[in-house]
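The structure under discussion appears below in the form of structure tokens.
Number of protein chains: 4
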Amino acid sequence: MIKVGIIGATGYAGAELVRLLKNHKEAEIIWYGSRSYIDKKYAEVYGNMFQIVENICKDDNIDELADMVDVIFTATPQGFLAGILSEEILKKVKIVDLSADFRIKDVKVYEKWYGIEHKSPQFIPEAVYGLCEINRGKINENTRLVANPGCYTTCSILTAYPLVKEGIIDPNTLIVDAKSGTSGAGRGAKLPNLFCEVNENMKAYGVATHRHTPEIEEQLGYACGGEVTINFTPHLVPMNRGILATEYASLNKKADGTYPSYEEVKAAYDKYYKDEKFVRVLEKGVCPETKWVEGSNYVDINFVIDERTGRIIMMGALDNLVKGAAGQAVQNMNLLFGLKEDMGLDLVPMFP
Amino acid sequence: MIKVGIIGATGYAGAELVRLLKNHKEAEIIWYGSRSYIDKKYAEVYGNMFQIVENICKDDNIDELADMVDVIFTATPQGFLAGILSEEILKKVKIVDLSADFRIKDVKVYEKWYGIEHKSPQFIPEAVYGLCEINRGKINENTRLVANPGCYTTCSILTAYPLVKEGIIDPNTLIVDAKSGTSGAGRGAKLPNLFCEVNENMKAYGVATHRHTPEIEEQLGYACGGEVTINFTPHLVPMNRGILATEYASLNKKADGTYPSYEEVKAAYDKYYKDEKFVRVLEKGVCPETKWVEGSNYVDINFVIDERTGRIIMMGALDNLVKGAAGQAVQNMNLLFGLKEDMGLDLVPMFP
Amino acid sequence: MIKVGIIGATGYAGAELVRLLKNHKEAEIIWYGSRSYIDKKYAEVYGNMFQIVENICKDDNIDELADMVDVIFTATPQGFLAGILSEEILKKVKIVDLSADFRIKDVKVYEKWYGIEHKSPQFIPEAVYGLCEINRGKINENTRLVANPGCYTTCSILTAYPLVKEGIIDPNTLIVDAKSGTSGAGRGAKLPNLFCEVNENMKAYGVATHRHTPEIEEQLGYACGGEVTINFTPHLVPMNRGILATEYASLNKKADGTYPSYEEVKAAYDKYYKDEKFVRVLEKGVCPETKWVEGSNYVDINFVIDERTGRIIMMGALDNLVKGAAGQAVQNMNLLFGLKEDMGLDLVPMFP
Amino acid sequence: MIKVGIIGATGYAGAELVRLLKNHKEAEIIWYGSRSYIDKKYAEVYGNMFQIVENICKDDNIDELADMVDVIFTATPQGFLAGILSEEILKKVKIVDLSADFRIKDVKVYEKWYGIEHKSPQFIPEAVYGLCEINRGKINENTRLVANPGCYTTCSILTAYPLVKEGIIDPNTLIVDAKSGTSGAGRGAKLPNLFCEVNENMKAYGVATHRHTPEIEEQLGYACGGEVTINFTPHLVPMNRGILATEYASLNKKADGTYPSYEEVKAAYDKYYKDEKFVRVLEKGVCPETKWVEGSNYVDINFVIDERTGRIIMMGALDNLVKGAAGQAVQNMNLLFGLKEDMGLDLVPMFP
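Chains as they are written, first to last, in the working numbering: chain A, 40 to 391; chain B, 40 to 391; chain C, 40 to 391; chain D, 40 to 391.
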């Protein structure tokens, strides 16, 4: 039985970790860390957990925690983990970090987009970017630190990855127009997240400045072996869960001057995803819907070729709290401990 | 492995049965019946099931089906099962009926409230009303026909049952004001169920005439050993899932002329529910919220005593598609086959 | 042109006052008071007002304000107006108070339910309870202080008033089960009002203790000429606007031992509401829907007689920010200044 | 008083025309045409209109109607008006067509995208494309036929128009990612529009094939004096009203090799919109929100320059039923009859 500690267990991502791990046969949560609710019963913070979780919320003492558990999930604000991480901790415990602290290899890029100083850049090189479908080979029992990808980034990257990797699209023409449910904004009591402000409303935010941009650019850069600069625009949608990314890019013409066919593009997706349980490339003509993946670890993907404009429109959908956060974190945990990758993740999407 | 057939697999309750049974270790669905979608892939009707269910929808031939499976779930319109049931079928297969056909013992009451003739009243006596927490003793390997309770009724009855049974309230003063998410209205393409008609809207319907009324009255009548007449008012709420029942009744005074105390009422609930996994009586002062049970088989219950008026306000919440339909049906199936009652129902409520 | 000052102009009720008064031909807002946003442009607080309102938010200096305007609307927390009101102010300016400070005649009742000391009880006697349809005769150019009714109370009282007044129901059997959109909870940045907490959720709150209870009891007491004690249970619904009150009461039998007929009850409603522009008693069998009154000053009412139980189920729907707050306040203002009562209130409900 | 007939008065756009015209001082609806509800009271079809509209729905006899009214609004399916229009009718009455029949000048383009034959192409040349802010000069008392623009197109065109017209962006790089509330899908009882299918869900549809594409291309082609080919992707959002268009285009470099500055782009917008009442270019850094325009005739616009990619992100928001349909139709009617262009359109956006 893997002993688990969660720091930040009372945010929405932390709570989703609890939901998933309660049904995981090989893991047991023994520490519910929550700076805001110390000494309060977890089930008082999340009424759905009444009679399911009997634990009390604890402070976020990572040193104490490192002695007690096998793996720590940090579902914490940016800068938190970088501020307290040490070699001593990493010698004792594996860490899956749901924040952005160790996702970006170039610390200058991190500091520019996040506007904070990185307090432990020495651990960046060893951190593995935990996008399992792409980096599975690097996540195993020897790995100590996994940087769990962002919700928007998981969706954006997986949707475009095969086409970038195979040179089917020009990555520098990529435009990602992403739409997210409101749980992505967290559980902080802020006016813009009030029901009456979000409901019956839609808006873009963080236009040209959102922090997930460099994360997408870095990973797609690895895929094509070059620098990638993209546009990424997130939007807030009046729903609890779900991210839909609509992505546009110019198709590279083939040697004969024509655009790749549906079958050729489909083959590129199949090359990478045919055996991936959690990536579903839909049937021709079917557009992904966020509701079809709700509560599950799936990413649904499809595409349409527009010969009129020479562009392809790719679409990807996932549940931001599952594949976009807690589900992927559990997937990484499974890899870290040599378990079946999908253990605890046999979640059938809930509809309606 | 229990072989399962579903008739009406493409309605919302049928689809929820599919979701639950896909994660049930001892059951396997081998027949997805759907008159509306014969020969269509189930996953084309419910995109969430892509790559999870590969089956094709079939017609609802119950005779053929009875030879192939161990249990049939009928998630069908009122009158359907009564119209085709026969001794021959019941000799071959167990049936859990999610419609109202066999819920009401007095066929005249059924015919009056439902406005249709009952075509096989001879099976009514043997049908067991499948409210497991109350009738568990009657549901076992010898039972052939279970009448799965309605969504509103499950919530309404469980919320008031201990107080009626223990004589704490006067059942004829009972008023049930119930609120339901829209999935309760089914997947029929009807104008009143369109998004723009339901969203940002709330209304009562079926006032004084809703068909769940006599079902509640009959069951509470058994509890108190007399005739019960109540008011039941359902409302449509702009949410997918969830029923909240707010119930009002006059408290019977004790011999000393005082009203029962919080502790006395709580003790009555505990008497019946303390060991019930799926009934959670909340802590004092906490009002049930439908979201706290979403996706799970729980019923959350609580109450407030109002000495000013001599009434008690009881509140119950459940997920109409789970404890109010498919979850309870699986619970009944487990009992019918001698399995652990909660098998496949370890569903942690999803929040948000 | 009536000069208007609003104290609390940046709450939802205050903002609705702004929306309504911008289209009022005889009123002009010259003071947008908001303690939270002093010196900020009003249109930065409410983006919908961009290029419509050019004013800056000001502090809530009522003395200064009293010299500048003809009427002040106070859309402020309980206790605010009572804490600053003086004879000097009332000599200069009329006040329509949207808080509860002057709604309840018995100061002890106020202090008990609100848990605060009333700082200026000397003005309670002269305050008129501004439920125009009932107290129209007392609101005129001589009136100085109007206590604008609460949202739940306006709906609850108007729905039952004729039947209480005419002795058709027993007021002490009255149970009001009310459901409200989330704007009723105000614009404060509180966790329970976050989108993800309210959306797809429903719950009761303030059970047996909600402060609108004594307000309903007092007014219905005047109607029947006796003391009235009722149950009132509010619920939070995932929609922005709208209150639906479902009300239950026992019918008094007539001299001949029968219950009053539909026509007799309808006649009672017509007696009071036939000529009321803002009260619409719907056609037989039609249940009020909150969406049918959204954005308007209407209250829609209807009822169903249940001879089985001897009760009547009454239903009322209004927009909590219009007839439940700002619209009724404007209606009162019109009466205070001898204008046409519906001036500025020709609002056609918006659907969908 | 202008006498108005509406054909298609019971669709959502038709109903919004009714809402707006009820408050229009110079117009009176005397014909509520509705093929689906002939002889039914209009207020039974739209309960919000109870006691506001007393009329009965009538058949859509345009010949009879043309003799009775001054202007006909056709809020009808594609092909309807083209199928019945005649010189005789146009001699008697002005027509504002809310369908697409006369929006596209090249009948071949119309027939290709709409898949139907155009039955009266002879009237296409005289039809004026009723985007008032651009074509105001062509809409006057001599105009007989106005093609009221589509909802997506109004938003998409107005958001990009000044930059295309002024050569600031390359129109052939334009990508419009648009999101719409569900009322845009109409009031037809179709499964995909059910509450439970739309709520908590988001998806793209009509990818690369949506019929508003050629309409946008044609109008922007006039603006730049050349052919324009764009990508347009609509999405369905779980809200009643509102369209948000997020538009991407490459900036043309200036002679000095640099990109235009914020001020230069802003100046281009101001050149066209500074005096436009219904177009609000927001303050720097503020993203349009659909809720800020709800119920009103405004279009809110803003933009962000991204020097990293050389692109500009433009955003536009409107209410699809007002500026995207009925509001613009009334605006056109006002121009057709020489009235003040904003008469009846002083609608303050409703929030929340």
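We put the CB at the ideal spot given by N, CA and C, even for glycine.
Residue 255/C and residue 361/B have their C-alpha atoms some 38 Å from each other. No residue range can be given for residue 175/A, since it is assigned to no alpha helix (DSSP H) and is classified by DSSP as neither H nor E. When only Cα atoms are considered, residue 232/C and residue 88/B end up about 34 Å apart. Taking the Cα of residue 204/B as reference, the smallest distance to any Cα among 173/B, 218/B and 243/B is reached at 173/B.
Against residue 230/B, the close residues of chain D are 226 and 228, in the order they occur along the chain (beta-carbon pairs closer than 8 Å). For the C-beta of residue 51/C, the chain D residues within less than 9 Å are, from N- to C-terminus, 390 and 391. Taken in chain order, the members of the stretch 208-221 of chain B whose beta-carbon sits within less than 9 Å of a beta-carbon on chain D are 220 and 221. Its chain contains 267 and 268 as the residues whose beta carbon lies nearer than 7 Å to that of residue 211/A, once the 5 sequence neighbours on both sides are disregarded; these appear in chain order. Residue ranges of uninterrupted beta strand (DSSP E) with 3 or more members, entirely inside the stretch 110-137 of chain C and ordered along the chain, are 110-113 and 133-136. Within the same chain, and ignoring the five residues on either side of residue 216/A in sequence, the residues whose Cβ sits closer than 8 Å to its Cβ are 272, 274, 284, 285, 286 and 287. The residue from 198/B, 144/B and 140/B with its alpha-carbon nearest to that of residue 326/B is 198/B. Our two residues, residue 95/B and residue 364/B, have alpha carbons roughly 23 Å apart in a direct line. Check the Cα spacing between residue 74/D and each of 99/D, 67/D and 180/D: the tightest is with 99/D.
In the three-state reduction of the DSSP assignment, residue 273/A falls in the strand class. Sequence-ordered contacts of the stretch 286-301 of chain D with chain A read 287 [C-beta pairs closer than 8 Å]. Closer than 8 Å to the CB of residue 340/D there is not a single CB belonging to chain C. Per the coordinates, the alpha-carbon of residue 178/D lies some 39 Å from the alpha-carbon of residue 358/C. Taking 8 Å as the threshold, the shortest C-beta distance from residue 317/B to chain D does not fall below it.
Inter-segment contact for the stretch 45-57 of chain C and the stretch 60-70 of chain A is absent: fewer than three beta-carbon pairs are separated by less than 8 Å.
The C-beta of residue 382/A comes no closer than 8 Å to any C-beta of chain D.
Here residue 70/D is not near residue 120/D, since their CB atoms are 8 Å or more apart.
Residue 321/C sits away from residue 351/C, with the two beta carbons spaced by 8 Å or more. When the alpha-carbon of residue 145/C is set against those of 276/C, 58/C, 258/C and 318/C, the nearest one is in 258/C. Between residue 314/A and chain B, the shortest Cβ-Cβ separation is not below 8 Å.
Residue 54/D and residue 124/D have their C-alpha atoms spaced approximately 23 Å apart.
Using beta-carbon distances, residue 137/D does not count as an interface residue toward chain B, since no partner is under 8 Å.
Take the alpha-carbon of residue 378/B and the one of residue 112/B: they are about 17 Å apart.
Rounded to the nearest angstrom, the gap between the Cα atoms of residue 383/C and residue 331/C is 19 Å.
If you draw a straight line from the Cα of residue 114/D to the Cα of residue 101/D, it comes to about 13 Å. Of the residues assessed, residue 300/C falls on the exposed side of the cut-off, its CB having fewer than 16 other CB atoms within 10 angstroms. DSSP lists 214/A and 352/A as the bridge partner or partners of residue 287/A. In the DSSP assignment, residue 53/D falls within the unbroken alpha helix (DSSP H) covering 51-61. In the three-state reduction of the DSSP assignment, residue 335/B falls in the coil class, being assigned neither a helical nor a strand state. Counting every other CB atom within 10 Å of its CB across the protein chains shown gives residue 229/A a total below 16, marking it as exposed. Under the criterion of beta carbons closer than 8 Å, residue 262/A and residue 200/A qualify as touching, at roughly 6 Å. Any Cβ of chain B closer than 8 Å to the Cβ of residue 55/D would place that residue at the interface, and such an atom is absent.
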